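Sequential numbering from 1 applies to the sequence shown in the numbering used here. This report concerns only the one structure given below.
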Amino acid sequence: MSLKTNQLSLRFLGGAGTVTGSKTLLNFNGQKILVDCGMFQGLKSLRQQNWAGLEDAEEITDVILTHAHLDHCGYLPRLVRQGFKGTIHCTPITARLAEIILLDSAKIQEEDAAEANRKQYSKHKPAQALYNTKDVYKCLQQFQTHAFGEWMVPGPDLRFQFISNGHIPGSGMVELHAGEKVVVFSGDLGRMHPLIMPKPQKMPPCDLLILESTYGDRLHSVLSPFDQLEEAINRANQRKGQVLIPSFAVERSQEIIYLLLKLMSEKRIARQKIYLDSPMAAAVTEVLRDFYHFLREPELREILTSQFEVISDHRASRTIVSMAEPKIVIAGSGMITGGRILHHLEAHISDPKTLVILPGFQAPGTRGHSLTHHASEVKFFGKYHAVRAEIVQLRGLSAHADREEMVEWLKKADKLPGRIVLNHGEPHSSDCLRVKLEHEFHIPVRVASANMELVLDF
Ligand SMILES: [Zn+2]
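Structural data, given as structure tokens:
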């Protein structure tokens, strides 16, 4: 008599009850595969989970990586250090972006550990980095790239493919066939009416959909980012002020450049110099130049090849900071937790002529969050700086679908999934989406909790 075969189990090791640390461990007839391998970020209690290790690291044969954001790929070098010797599958753009992002992450961790040792505030003696640059290079050797729509067979009776989901360049949902059953992982789902990304493709028919729920409780602003930028920049230009834009390196910086150049070409704002003062954003832009055909607007190719100045070295950056003439500067980091934007802010944030535009989500505890909450001063470089600049938070830019967009995406599918499990969301967001989807589609919807195990029998 044969043992029970064709049993698939899923364990939610991260990105359940939270938006970081995405990791779902699949076990199909004894073969272990991880979908995403993200780093926990934010609160200390979450970050500490990065140190706990993954029990099955040596037994996992494959990692399927939906996209290059740190909360989906940031744990990979640590997994390799723990003995994972298998293959990391992703699209070619994801591989290029993951290299940039993981090397940056290793550098930050090495610097943080060195700082903790210098100031002796770490519990670990000496303080350690979760992984270093060497670990990243080792891990990159295990990457294997696949085009969208290319089927991969990681084991008997198992196959999967990536389908473009419009979140960031290279990102994809995963359609996985295990025996007779089909599971789709949405990954982070993009916008239904995006600016520069292609729209998410249709969801393929499946028995189970694992759907993200980051904005399950929200609707994005209907304000046009073009109108908001136009008004703010024209005000700053009138008073001859600097325009400083702290921005994320992947997708957001390129989106901002696109918005600005479009406004200039339509003569809605005056032509002016744009400086991209972020080596990481510049490296990402370089990748997008090579893969521009993945982006929605054909004119982006032109935009990405010229028309703005990339500042790579520190000395040039300092020169730009000291230039008195009005200019637009895009620099990291996106939430002003560090990076070159601090030097620009040091020179200009106390000048009422300056405009600071925050184009992304600002997490509580960051300087960006303080600015959006009308802080009268912010501290950096060991000093308090009076905030006299005009602060504008740009609404409506997001790489994630909101609640209605997720419903719209599901309605476009030829067939609804048999059931849905929600992950990648704070508990309130996931639960709001659960209620909405049950109401709208009358199919079973469940919210994943940390370490929850789900067994599918065939
Ligand atoms: Zn993402």
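Where a beta carbon is used, it is the ideal one built from N, C-alpha and C, also for glycine. For clarity, every value in this text was computed on a predicted model and none was experimentally measured.
Three CB pairs or more closer than 8 Å across the segment 26-41 and the segment 70-80: yes
For ARG235, three-class secondary structure by DSSP: helix
Close beta carbons around ILE196, own chain, < 8 Å, minus the five adjacent residues each side: GLU251, GLN254, GLU255, TYR258, LEU295, ARG296, GLU297, LEU300
Which of helix, strand or coil DSSP assigns to SER9: strand
Start-to-end residues for the alpha helix (DSSP H) that takes in ASN117: 92-119
Contacts around ALA281, its chain only, beta-carbon distance under 6 Å, and the 5 residues preceding and following it disregarded: ALA249, SER253
Whole alpha helix (DSSP H) elements within the segment 320-372, 4-residue minimum: 341-348, 367-372
THR20 (DSSP reduced to helix, strand or coil): coil
Range covered by the beta strand (DSSP E) that runs through SER164: 158-164
For PHE441, three-class secondary structure by DSSP: helix
Cβ-Cβ separation, ILE391 to LEU371 (assumed contact under 8 Å), whole Å: 5 Å
LEU219 versus SER45: straight-line alpha-carbon distance, rounded: 29 Å
HIS220 CB to nearest heavy atom of ligand 1 below 7 Å: no
Best match in MET335, LEU130, LYS199, GLY216 for proximity to HIS424 [C-alpha to C-alpha]: GLY216
Cα-Cα separation, SER322 to LYS240: 15 Å
Status (buried if at least 16 other CB within 10 Å, exposed otherwise) for THR5: exposed
Whole-Å CB distance - PHE291 paired with PRO169, under 8 Å assumed: 6 Å
Beta-bridge partners of PRO246, as assigned by DSSP: ALA331
Unbroken stretches of the beta strand (DSSP E), 3 residues or longer, contained in the segment 154-226: 158-164, 172-178, 181-185, 208-212
Assigned exposure category for PHE28 - 16 Cβ within 10 Å defines buried: buried
Nonlocal neighbours in the same chain, by C-beta distance under 8 Å from ASN451, ignoring five residues either side: ARG11, PHE12, LEU13, ALA16
Burial state of PHE381, where buried means 16 or more other Cβ atoms lie within 10 Å: exposed
Length-filtered (4 minimum) alpha helix (DSSP H) runs lying within the segment 241-291: 252-265, 279-290
One or two residues paired with MET152 in a DSSP bridge: PHE160
Alpha-carbon spacing of PRO225 relative to ILE60, whole angstroms: 44 Å
Opposing strand residues paired with LYS383 [DSSP bridges]: PHE380
For ILE547, the nearest candidate out of GLU325, ALA324, ILE330 (CA to CA): There is no way to answer for residue 547, as the model of the chain reaches only from 1 to 458.
Residue of LEU288, ARG315, VAL243, ALA363 minimising C-alpha distance to ALA324: VAL243
Reduced DSSP secondary structure (H/G/I, E/B, other) of PHE50: Just to set this straight, residue 50 is Asn in the shown sequence, not Phe. ASN50: helix per DSSP, three-state reduction.
Cα-Cα separation, ARG419 to LYS383: 54 Å
Beta-carbon separation (whole angstroms), VAL378 vs ARG367, contact threshold 8 Å: 5 Å
LEU422 versus ASP414, LYS415, MET406, residue with shortest Cα-Cα distance: MET406
Limits of the beta strand (DSSP E) - the one that THR61 falls within: 60-64
Cβ-based burial, GLN141 [other Cβ within 10 Å; buried from 16]: exposed
Start-to-end residues for the beta strand (DSSP E) that takes in GLU453: 453-457
LYS411, enclosing alpha helix (DSSP H) - first and last residue: 403-412
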